[in-house]
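Peer 1: First, the structure itself, so that you have it in front of you.
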Amino acid sequence: MSINLDQVTKHYSGAPVVNDVSLDIGDGEFFVLLGPSGSGKSTLLRAIAGLSGVDHGRIALHGRDVTHVAARKRGVGLVFQNYALFRHMTVADNIEFALRVRHMRARARRQRRQELLRLVALEGMDNRLPAQLSGGQQQRVAVARALAHKPEVLLLDEPFGALDAKIREELRRTIREVQRELGITTVLVTHDQEEAFALADRIGIMNFGRLLEAGAPAELYSRPATRFVATFLGAANLFLARRTADGIKVGATIMAAAERTPGAPEHEVVAVVRPEEVEVAPSRDALGSRFMGYGVVDDVMFTGAFERLRVRATDESGAPLLAFAEGDANATLQVTRTRYAQRGFEVRTGQTVAIGVRRLHVLPTPLSSFTVCAVSAARAEGLSRQALLAELAARMKTRIGLRIEPGLGVPEAACEAEGAFVGATVIAGEDGCAQRAEWLLQRGAKDLLVLPAGAQAPQRVLIHWLGDAARSATLGVSASVLRHVPAEAVYVGIVAADGASAGPQGMRELLDARSEAQAAHGLEMRTELGFGDVTQELARRLAEAPASMLILGVTDLKRFAERFRALLDGGAWPVLIVQRAAS
Amino acid sequence: MSFRKPSVLPGFGLTFGFTTFFLSAIVLLPLAALVLAAASMHWSDFLRVVSSPRALGSYRLSFGASFLAASINLVFGFIIAWTLTRYEFPGRKVIDALIDMPFALPTAVSGIALTTVFAQNGWIGRYLEPLGIKVAYTWLGVTLALTLISMPFAVRAVQPALLEVQRDLEDAAETLGAGRFYVFRRIILPTVLPALLTGFTLSFARAVGEYGSVIFIAGNLPMKTEITPLLIVIHLEEFDYQGAAALGVVMLTISFVVLLAINLLQAWGRRSRVRAAH
Chain A
1 MSINLDQVTK
11 HYSGAPVVND
21 VSLDIGDGEF
31 FVLLGPSGSG
41 KSTLLRAIAG
51 LSGVDHGRIA
61 LHGRDVTHVA
71 ARKRGVGLVF
81 QNYALFRHMT
91 VADNIEFALR
101 VRHMRARARR
111 QRRQELLRLV
121 ALEGMDNRLP
131 AQLSGGQQQR
141 VAVARALAHK
151 PEVLLLDEPF
161 GALDAKIREE
171 LRRTIREVQR
181 ELGITTVLVT
191 HDQEEAFALA
201 DRIGIMNFGR
211 LLEAGAPAEL
221 YSRPATRFVA
231 TFLGAANLFL
241 ARRTADGIKV
251 GATIMAAAER
261 TPGAPEHEVV
271 AVVRPEEVEV
281 APSRDALGSR
291 FMGYGVVDDV
301 MFTGAFERLR
311 VRATDESGAP
321 LLAFAEGDAN
331 ATLQVTRTRY
341 AQRGFEVRTG
351 QTVAIGVRRL
361 HVLPTPLSSF
371 TVCAVSAARA
381 EGLSRQALLA
391 ELAARMKTRI
401 GLRIEPGLGV
411 PEAACEAEGA
421 FVGATVIAGE
431 DGCAQRAEWL
441 LQRGAKDLLV
451 LPAGAQAPQR
461 VLIHWLGDAA
471 RSATLGVSAS
481 VLRHVPAEAV
491 YVGIVAADGA
501 SAGPQGMREL
511 LDARSEAQAA
521 HGLEMRTELG
531 FGDVTQELAR
541 RLAEAPASML
551 ILGVTDLKRF
561 AERFRALLDG
571 GAWPVLIVQR
581 AAS
Chain B
584 MSFRKPSVLP
594 GFGLTFGFTT
604 FFLSAIVLLP
614 LAALVLAAAS
624 MHWSDFLRVV
634 SSPRALGSYR
644 LSFGASFLAA
654 SINLVFGFII
664 AWTLTRYEFP
674 GRKVIDALID
684 MPFALPTAVS
694 GIALTTVFAQ
704 NGWIGRYLEP
714 LGIKVAYTWL
724 GVTLALTLIS
734 MPFAVRAVQP
744 ALLEVQRDLE
754 DAAETLGAGR
764 FYVFRRIILP
774 TVLPALLTGF
784 TLSFARAVGE
794 YGSVIFIAGN
804 LPMKTEITPL
814 LIVIHLEEFD
824 YQGAAALGVV
834 MLTISFVVLL
844 AINLLQAWGR
854 RSRVRAAH
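Protein sequences appear in the order of chains A and B. Numbering (the working numbering) for the first sequence: 1 to 583. Numbering (the working numbering) for the second sequence: 584 to 861.
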């Protein structure tokens, strides 16, 4: 392995900018770090280069731990977005800089310089000043300079950012060729997905300082695991579908019979449909693929090779199909059609079309949507506007539903709202909410968020579960939440005060939890060990830092309200309860 | 090459006219009057006045102390500018504003303040006295006063240039294997060198012309701590206008030669860099 990152974390004024990133990059691999601005990708690159230290974690280059090694001794080459050429030096002096530092003889220097200039196709430019070169040429010089000392790793920080489209493509090809020829392990940072596709052997996608997914471009595009990756890497339509015994159901139609899961309880899932996998036709019968619903064409845009449509889509009963909240500007179905399809069926704005889907991908994410539950509609609506909830729903690109339960919290009262609990249920975190939480959990709510009115985005999420049956689900839900908030994740293992002998077991549980979170859910988390009563220990740790949140897995509901009253009542912290019964 | 070059803003003729008029009225005419006044002297009288041992001693002190003051400011002005541009710390704005204080203070006040501090019984002077260091009423005091009043020029000239040095350049040099001293010598210094020279020139020019602050701390012993501007004033007080003008012409000439030399040096530095490109 060329580059090993192990739980690399970097904070700026308290907030994690790079959050528990672990990654292995192979010899000669071209790895692209892709993410929106502020996702921590550049900070991570600078950490690899040694220009900014890390607060936690280890960095190894070619098996050598360089976490505390200065940048100049790491043997990396770095290329900057703004070229960062030494303006008072000629091209030759720029390229020879690293060689001069190493006291190489003039003749050897000249020879190496000629070699590098040939490599980046700039022969004969030796005596120019940077100011006399075009942007593309300057960046070529910067690449040659970064390669002069034969570094083992080449790092590129948005190297095409300042160039126009045509030059960009040319330079992209040059860099790819140079990388192939030298076989040098390369990490490139960009926010441009097209660039990532064009260059990468593997892409790693970052958001809020976390590395969400890493994989081959085609694999990530067709089989993303998270909503963020699905929507950031190309365009995607997100649907709230139901996983039933017969397959994946969108609205009333079964879309993917292949994904049959006999015996499993029906539940809501998030499905991704790429715009090119959507088919439109004049009528249901004319569709070559599975019918999903009808829609009205909102917008037709011609882009040359393709035509882009925006369609307001509803299922047969008229309910909106997409996962987005109603009124959201993105709540239209995106469709791209080839010239061939356009010739077969011409579409105009305002036209009603039948919609079919050729391929649908179900995300493994467990938090599909939110349903706010309260005793009256007014209260439910009030809670649905809570800042943190609205923020989470927007980031997850999902909707917030309402569920009115006048009997909420009254012992013996039955559910009045129809149907099973959908997605995560949300109740207000206030006095008496432990009772209400128990009431909902007993009546079938699986994931329950107890949300205090003043809750803010958490900076630290504590994770704990009671009973092994809840472990996997709790980790899955935690991973889902942590992809959408810039917070650090801490698993708290708690050893009962009386069981001194449970020590080693507690430790093993801790390590198992960490590796399972990493392997099965792509979640990197810290682990801490506590002692004593679970409720007291969790409350103490939650109070330690501001803006904490708890994700608590439970298996049995015996004396639930009584046991966890100290954590829930009073609404000091948001608590997400994950209930999975032991089988 | 044409004399007039197209520009975004019109009105070359008008602005050039104003430039020559203002330069003539405010700079050239008074200087010409000075030279004329001196020219009315007999050649031997002129030589006697400007080469008297007292005059020679004053040149040495004036230009020597100014050169020293400008050199001190070159180093410390750079360090101050570096601190102000590179670091965020509480009170940075206050210190930044303090730099300009010597501009605003009447120079006589600076002189009196310095004397209070560095006189034999002053706050600092009384501790230097036992060590055998005398500041007030020696050339040291003169240099100190000149350093104080010319300091802002050095800082303000270097500050913008330092802001221009991108951190990326230093980062790039570091990843290429350069140590801190190497980065400073090869990257930072060459970039700010023109600004440093400008700061030196301005400091020097300001120090040579200084009068107010120096006379309080210098003690004004002929041959030892008497600066040329003071000697000129002494001539004036004796109604020897021609003698004063003669000394003025000498100062003017030396200053002009020094400033011209520095400017040529700068131009040569720029040219040699461009030459390297072809």
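The C-beta atom is built at its ideal place from N, Cα and C for all residues, glycine as well. Quantities reported herein were computed from a predicted structural model and do not represent experimental measurements.
Select from A/76, A/437, A/387, A/422 the residue whose C-alpha is nearest the C-alpha of residue 408 of chain A.
Peer 2: When each option's Cα is compared against that of residue 408 of chain A, the closest is A/437.
Peer 1: Assign residue 301 of chain A to buried or exposed, taking buried as 16 or more other Cβ atoms, counted over all protein chains shown, within 10 Å of its Cβ.
Peer 2: Exposed is the call here.
Peer 1: Strictly under 8 Å for the Cβ-Cβ distance: is residue 752 of chain B near chain A by that measure?
Peer 2: Closer than 8 Å to some Cβ of chain A, the Cβ of residue 752 of chain B qualifies, so yes.
Peer 1: Look at residue 147 of chain A and residue 122 of chain A and say whether their C-beta atoms are less than 8 Å apart.
Peer 2: Their beta carbons are not under 8 Å apart, which means residue 147 of chain A does not touch residue 122 of chain A by this criterion.
Peer 1: Does any C-beta atom of chain A lie closer than 8 Å to the C-beta of residue 609 of chain B?
Peer 2: Closer than 8 Å: no.
Peer 1: List, in order along the chain, the chain A residues whose C-beta lies closer than 8 Å to that of residue 765 of chain B?
Peer 2: Simply 101.
Peer 1: Rounded C-beta distance between residue 574 of chain A and residue 451 of chain A? I'm assuming under 8 Å.
Peer 2: About 5 Å separates the two Cβ atoms, so the contact holds.
Peer 1: Using the three-state DSSP reduction, which class does residue 295 of chain A fall into: helix, strand or coil?
Peer 2: DSSP places residue 295 of chain A in strand when its eight states are reduced to three.
Peer 1: Kindly indicate which residue of A/372, A/212, A/269, A/150 has the alpha-carbon position closest to the one of residue 525 of chain A.
Peer 2: Considering only alpha carbons, the answer is A/212.
Peer 1: So the candidates are A/73, A/272, A/221; which of them puts its Cα closest to the Cα of residue 762 of chain B?
Peer 2: Out of A/73, A/272, A/221, A/73 has the C-alpha closest to the C-alpha of residue 762 of chain B.
Peer 1: Does the CB of residue 135 of chain A have a neighbour CB from chain B at under 8 Å?
Peer 2: Not one chain B Cβ lies under 8 Å of residue 135 of chain A.
Peer 1: Count the other CB atoms, across all protein chains shown, that sit within 10 Å of the CB of residue 484 of chain A; report buried if there are 16 or more and exposed otherwise.
Peer 2: Buried is the call here.
Peer 1: Is there a Cβ of chain B sitting closer than 8 Å to that of residue 14 of chain A, yes or no?
Peer 2: It does not; no Cβ of chain B falls within 8 Å.
Peer 1: At the 8 Å Cβ level, is residue 713 of chain B part of the contact set with chain A, yes or no?
Peer 2: Taking Cβ atoms only, chain A never reaches closer than 8 Å to residue 713 of chain B, which makes this a no.
Peer 1: With three or more C-beta pairs closer than 8 Å as the rule, is the stretch 484-496 of chain A touching the stretch 527-543 of chain A?
Peer 2: Result yes; three or more Cβ-Cβ pairs closer than 8 Å.
Peer 1: Name, please, each residue of chain B whose Cβ falls closer than 9 Å to the Cβ of residue 49 of chain A.
Peer 2: Neighbours of residue 49 of chain A on chain B, chain order: 754, 757, 758.
Peer 1: Inspect the beta-carbon positions of residue 311 of chain A and residue 280 of chain A and report whether they are closer than 8 Å.
Peer 2: In this structure, residue 280 of chain A lies closer than 8 Å to residue 311 of chain A by Cβ.
Peer 1: For residue 280 of chain A, decide whether its Cβ has a neighbour in chain B, counting only Cβ atoms nearer than 8 Å.
Peer 2: No, its Cβ sits nowhere closer than 8 Å to a Cβ of chain B.
Peer 1: Quick one: which residues of the stretch 831-850 of chain B get their C-beta closer than 8 Å to a C-beta of chain A? List them in chain order.
Peer 2: Result list empty, no residue passes.
Peer 1: So residue 749 of chain B contacts chain A; which residues on that side make the cut at Cβ distance below 8 Å?
Peer 2: In chain order: 82, 84.
Peer 1: For the putative contact between residue 157 of chain A and residue 81 of chain A, defined by C-beta atoms under 8 Å, what is the C-beta separation to the nearest angstrom?
Peer 2: Between residue 81 of chain A and residue 157 of chain A the Cβ distance is about 6 Å, and since that is below 8 Å, they are a contact.
Peer 1: Distance, Cα to Cα, residue 610 of chain B vs residue 749 of chain B?
Peer 2: Answer to the nearest angstrom: the Cα atoms are 39 Å apart.
Peer 1: What would DSSP say about residue 485 of chain A, mapped onto helix, strand or coil?
Peer 2: Coil, per DSSP.
Peer 1: In angstroms with no decimal places, state the Cα-to-Cα distance between residue 615 of chain B and residue 840 of chain B.
Peer 2: About 17 Å.
Peer 1: Using three-state DSSP, classify residue 501 of chain A as helix, strand or coil.
Peer 2: Per-residue confidence for residue 501 of chain A stands at a pLDDT of 46, beneath the threshold of 50, marking its modelled position as unreliable; the derived number appears in the next sentence. In the structure shown, residue 501 of chain A sits in a helix (DSSP, three-state: H, G or I).
Peer 1: Let me confirm a value: residue 824 of chain B is counted as buried when at least 16 other C-beta atoms fall within 10 Å, else exposed. Which label applies?
Peer 2: When all chains shown are included, residue 824 of chain B counts as exposed.
Peer 1: For residue 124 of chain A, does the count of other Cβ atoms within 10 angstroms reach 16, so buried, or fall short, so exposed?
Peer 2: When all chains shown are included, residue 124 of chain A counts as exposed.
Peer 1: Taking a cut of 8 Å between CB atoms, which residues from the stretch 697-712 of chain B lie near chain A?
Peer 2: Per Cβ criterion, the list is empty.
Peer 1: Indicate whether residue 357 of chain A and residue 278 of chain A have their beta-carbon atoms separated by less than 8 Å.
Peer 2: Going by C-beta atoms, residue 357 of chain A is nearer than 8 Å to residue 278 of chain A.
Peer 1: Taking DSSP as the reference, what is the three-state secondary structure of residue 7 of chain A?
Peer 2: DSSP places residue 7 of chain A in strand when its eight states are reduced to three.
Peer 1: Quick test of your reading: residue 34 of chain A and residue 231 of chain A, contact by CB under 8 Å. State the CB separation rounded to the nearest angstrom.
Peer 2: About 13 Å separates the two Cβ atoms, so there is no contact after all.
Peer 1: Please look up how many angstroms separate the CB atoms of residue 397 of chain A and residue 238 of chain A, rounded, as I've assumed it's under 8 Å.
Peer 2: At roughly 6 Å, the Cβ-Cβ gap stays under 8 Å, so residue 397 of chain A and residue 238 of chain A are in contact.
Peer 1: I'd like to know whether the C-beta of residue 774 of chain B is nearer than 8 Å to at least one C-beta of chain A.
Peer 2: It does: the Cβ of residue 774 of chain B has a partner Cβ on chain A nearer than 8 Å.
Peer 1: Between residue 232 of chain A and chain B, is there a C-beta pair that is closer than 8 Å?
Peer 2: For residue 232 of chain A, the answer is no, since every Cβ of chain B falls outside 8 Å of its Cβ.
Peer 1: Are the CB atoms of residue 737 of chain B and residue 719 of chain B within a distance shorter than 8 Å?
Peer 2: The answer is no: Cβ separation not under 8 Å.
Peer 1: Span of the beta strand (DSSP E) holding residue 30 of chain A?
Peer 2: Counting along the chain, the beta strand (DSSP E) containing residue 30 of chain A begins and ends at 30-34.
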